[in-house]
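Following: one structure in structure tokens, then a few remarks.
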């Protein structure tokens, strides 16, 4: 028995030494390093842009008189529906009626004189030239009468089409000037949504000689007020010169008046545009990352890399091309995909052989 124990002592010592080495190795290995990660957004979501817009009636007219005068009658109020030909307002027409009466008298006199001249010409009592003069005088008198009639009609302002009165910015007994707006009329049924597209976006759209950059968009989504319900609108018109103040192009969209929401002139709206339909394919692979997510610590110190997290605790270096620094971060392109998790901060402090663990923000911090 004693001999057996003596023979087992070397084996036990060897086992203890091996266990001690393994314990030492396990405790000498560094713990995984916490790293802050970010998830890359899907390209479609990243290219969805929103632009503030305003609502305007598609058919809208500022009604005004062609002459100055005192308002004697205003027959409409804001929100009132009118039909074509409805009398909107009337200015003082006494002078116009007086001129019309004078023109009518001159026309009757010229007509009677012309008939007498015709009678005397047939009997050879006057020359053809004198008859022609009377005929010219008749035409002039008729033109003056028609002009006086038109002037009298211009003292009345009538609705040019069926619609709704949007504004009445004047008061009765007020002196209005030529072309001063007396009422604003809108035609229901269609709405325009106007927004401005910055020239920085237009510059990125590839040139196409057959269609304009705005026509390349298949459809525009419009949301009104705080509602999240989208309404599809089509391109109606656009400017080809950017505004000097905003450096943006005005784009007008058109859509039918929705039945489930009341929209009035001047209301706010939001236009959502998928730039993925407009920008080239390469643009859709551009990601925006924080500057601290870029590292030059790889085998090639001149090659920028992004560290992609590989579960459970490893990192993979992905070579990337670095573009401009924008308000969203550095523009980066490479073999990255939507939903990739990459190191967002301290990229220059990690390496491929380092074990890492996603950093989770503690509650209350």
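Residue numbers (mature numbering (1 follows the signal peptide of the UniProt record, and there is no 0)): -24 to -1, 1 to 341.
The beta carbon of each residue, even a glycine, is placed where N, CA and C say it ideally should be.
Who pairs with residue i in a beta bridge, going by DSSP?
i, result
"residue 214", "227"
"residue 248", "26 and 197"
"residue 161", "37 and 141"
"residue 351", "The shown model of the chain, from -24 to 341, leaves out residue 351, and the question about it has no answer."
"residue 168", "32 and 230"
"residue 151", "46"
"residue 11", "334"
"residue 66", "49 and 132"
"residue 220", "None, per the DSSP bridge assignment."
"residue 208", "197"
"residue 173", "225"
Here's the rule: buried if 16 or more other CB atoms are within 10 angstroms of the residue's CB, otherwise exposed. What is residue i?
i, result
"residue 258", "Here residue 258 scores only 47 on pLDDT, less than 50, and its place in the model is too uncertain to base an answer on."
"residue 131", "buried"
"residue 343", "This structure does not reach residue 343, given that the chain is present from -24 up to 341, and the question cannot be answered."
"residue 173", "buried"
"residue 11", "buried"
"residue 112", "exposed"
"residue 154", "exposed"
"residue 265", "buried"
"residue 168", "buried"
"residue 59", "exposed"
"residue -3", "Confidence is the limiting factor: at residue -3 the pLDDT is only 49, short of 50, which leaves the residue's position unreliable and the question unanswerable from this model."
"residue 162", "buried"
"residue 110", "buried"
"residue 165", "exposed"
"residue -1", "Residue placement at residue -1 cannot be trusted, given a pLDDT of 45 that sits under 50; what the coordinates show is reported in the next sentence. Residue -1 comes out exposed."
"residue 342", "The first residue shown for the chain is -24 and the last is 341, placing residue 342 beyond what the model contains."
"residue 7", "exposed"
"residue 139", "buried"
"residue 229", "buried"
"residue 270", "buried"
"residue 313", "exposed"
"residue 83", "buried"
"residue 85", "exposed"
"residue 50", "buried"
"residue 29", "buried"
"residue 67", "buried"
"residue 245", "buried"
Near residue i, which residues of its chain fall below 7 Å by C-beta distance, leaving aside the five closest residues on each side in sequence?
i, result
"residue 293", "274, 281, 283 and 328"
"residue 128", "69, 72, 73 and 76"
"residue 222", "172"
"residue 342", "It is not possible to answer for residue 342, since the shown part of the chain is limited to -24 through 341."
"residue 32", "168, 170 and 241"
"residue 134", "61, 62, 63 and 64"
"residue 218", "175, 224 and 225"
"residue 311", "294"
"residue 212", "168, 228, 229 and 230"
Does any heavy atom of the ligand MG sit closer than 7 Å to the C-beta of residue i?
i, result
"residue 59", "No copy of the ligand MG occurs in the structure displayed, which carries no ligand at all."
Excluding five sequence neighbours on each side, which residues of the same chain lie with their C-beta closer than 6 Å to the C-beta of residue i?
i, result
"residue 124", "75, 76 and 79"
"residue 27", "171 and 247"
"residue 279", "295"
"residue 142", "160, 162 and 241"
"residue 307", "262, 299 and 300"
"residue 324", "271 and 273"
"residue 331", "8 and 289"
Can you find the residues in the same chain that come closer than 8 Å, C-beta to C-beta, to residue i, ignoring five residues on each side of it along the sequence?
i, result
"residue 87", "114 and 117"
"residue 13", "285, 317, 318, 319, 320, 334 and 335"
"residue 231", "166, 167, 169, 198, 207, 208, 209 and 210"
"residue 136", "37, 39, 60 and 161"
"residue 304", "264"
"residue 302", "264"
Discussion item. Does the stretch 284 to 303 come into contact with the stretch 313 to 321, if we say contact requires no fewer than three beta-carbon pairs (one atom in each stretch) closer than 8 Å?
Written reply: Contact annotation: the stretch 284 to 303 touches the stretch 313 to 321, with at least three C-beta pairs closer than 8 Å.
Worksheet entry | the stretch 44 to 59 in contact with the stretch 91 to 107 per 3-pair CB rule at 8 Å | Touching, no, given that fewer than three Cβ pairs across the two stretches are closer than 8 Å.
Worksheet entry | Touch test, the stretch 141 to 158 against the stretch 95 to 106, Cβ-Cβ under 8 Å, three pairs minimum | No, they do not touch.
Discussion item. I'd like the ranges of any alpha helix (DSSP H) spanning at least 4 consecutive residues and lying wholly in the stretch 72 to 145.
Written reply: As far as the stretch 72 to 145 is concerned, its whole alpha helix (DSSP H) runs of at least 4 residues are 104 to 129.
Worksheet entry | Whole runs of the beta strand (DSSP E) within the stretch 251 to 339, excluding any shorter than 3 residues | For the stretch 251 to 339, whole beta strand (DSSP E) runs of length 3 or above, ordered along the chain, are 263 to 265, 281 to 286, 290 to 302, 305 to 310, 317 to 319 and 332 to 334.
Worksheet entry | Contained beta strand (DSSP E) runs [length at least 3] in the stretch 31 to 63, N- to C-terminal order | Listed in chain order, the complete beta strand (DSSP E) runs (minimum 3 residues) inside the stretch 31 to 63 are 45 to 50.
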